[in-house]
Structure formats: C-alpha cells, structure tokens
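> Before we start, here is the structure in question, set down as structure tokens.
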Amino acid sequence: MCGIAGILHFDNSRQVAQDSLRAMCDSIIHRGPDSDGYYTEENVGLGHRRLSIIDLNTGDQPMFSQERDVSIVFNGEIYNYVELRSELKKKGCTFHTDSDTEVIINAY
C-alpha cells in the first residue's frame with residue numbers, strides 16, 4: 001500500500017517548505033519503500049511514497065495531466081482501469097504510462 005502526504009496553507013502568502021513535506025513522507029516510508037515523489041507550488045505541497053504494483057517503471061507520482069495544470073497523488077486501485085482507459089482512448093485521450101492513476105487524470 002502506498003502512502004500520501006499533503007500540505008495546504010490557506011494563507012496564500014505562506015510557501016510550503018519542501019523539507020517539511022519530505023519529513024512527512026519519510027515518516028510513512030514503510031507504506032511505500034520503492035520510490036518517492038514531490039510537488040510543491042506556492043501554498044500547496046503533495047508527497048507520495050510508492051509501493052510498486054502496477055506499471056513498475058513509469059507509474060511514479062505525483063502524476064500530471066498532459067497540460068501540467070492538474071496533479072494527483074493516489075493511493076488505491078482502479079480495478080476496471082483497462083476498460084476505462086480503452087473508453088478514454090476512444091475519446092481522444094493519450095496515455096504515457098500503464099498506471100491506473102493516469103486513468104484518473106485523463107478522466108478528470
């Protein structure tokens with residue numbers, strides 16, 4: 001099971017400290033020992049500890065939309081992601097990984 005962490009400062013003038021986000025993810029390393037990923041922008045920070053199960057090579061998170069205007073950290077499993085992916089491809093969506101997380105980004 002993966003682990004996720006996040007920081008949101010409702011005061012937009014406060015920046016997220018990268019070291020605080022890393023410390024949060026370090027405390028849940030047992031949930032995802034395979035890799036880690038981070039995203040910070042101004043008052044928002046997302047962190048992810050990964051336990052590689054699906055798409056072992058390219059499923060790292062946070063994951064971003066093609067336009068890079070949406071990011072996601074996800075801990076779960078989409079059981080019908082192959083079918084959803086097929087439907088989204090018919091609607092013109094493109095995929096760069098085999099991860100079920102990318103299905104969520106494209107469906108958003």
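Position 28 of the sequence shown, counting from 1, maps to 28 under the working numbering, and the rest follow consecutively.
From the three backbone atoms N, C-alpha and C, an ideal C-beta is built for every residue, glycine too.
Values in this document were obtained by computation on a predicted structure and should not be read as measured data.
1) So, helix, strand or coil for His30, using DSSP?
2) If we count the other Cβ atoms within 10 Å of its Cβ and call it buried at 16 or more, is Gly92 buried or exposed?
3) Consult DSSP for Ala17 and reduce its assignment to one of helix, strand or coil.
4) Would you call Gly76 buried or exposed, if buried means 16 or more other Cβ atoms sit within 10 Å of its Cβ?
5) For the stretch 79-88 against the stretch 59-71, are there 3 or more C-beta pairs whose distance is under 8 angstroms?
6) In whole angstroms, give me the CA-to-CA distance for Gln18 and Leu46.
7) Since Arg85 and Asn43 should fall inside the 8 angstroms C-beta cutoff, what is the C-beta to C-beta distance between them, to a whole number of angstroms?
8) If distances are taken between C-alpha atoms only, which option among Leu88, Thr40, Asn57 comes closest to Thr97?
If we stick to the structure as given:
1) One-based indexing of the sequence shown puts residue 30 at position 30. The answer is helix: DSSP assigns His30 an H, G or I state.
2) Numbered from its first residue, the sequence shown carries residue 92 at position 92. Counting Cβ neighbours within 10 Å, Gly92 comes out exposed, since fewer than 16 surround it.
3) Numbered from its first residue, the sequence shown carries residue 17 at position 17. Coil, per DSSP.
4) The residue given as residue 76 occupies position 76 in the sequence shown. It is exposed - the Cβ of Gly76 has fewer than 16 other Cβ atoms within 10 Å.
5) no
6) Translated into positions along the sequence shown, residue 18 becomes position 18. Translated into positions along the sequence shown, residue 46 becomes position 46. Spanning the two alpha carbons is a distance of roughly 10 angstroms.
7) Against the sequence shown, residue 85 aligns to sequence position 85. Against the sequence shown, residue 43 aligns to sequence position 43. With a contact defined as Cβ atoms closer than 8 angstroms, Arg85 and Asn43 miss out at about 33 angstroms.
8) Here residue 97 is taken as the residue at index 97 of the sequence shown, counted from 1. Among Leu88, Thr40, Asn57, the Cα nearest to that of Thr97 is on Asn57.
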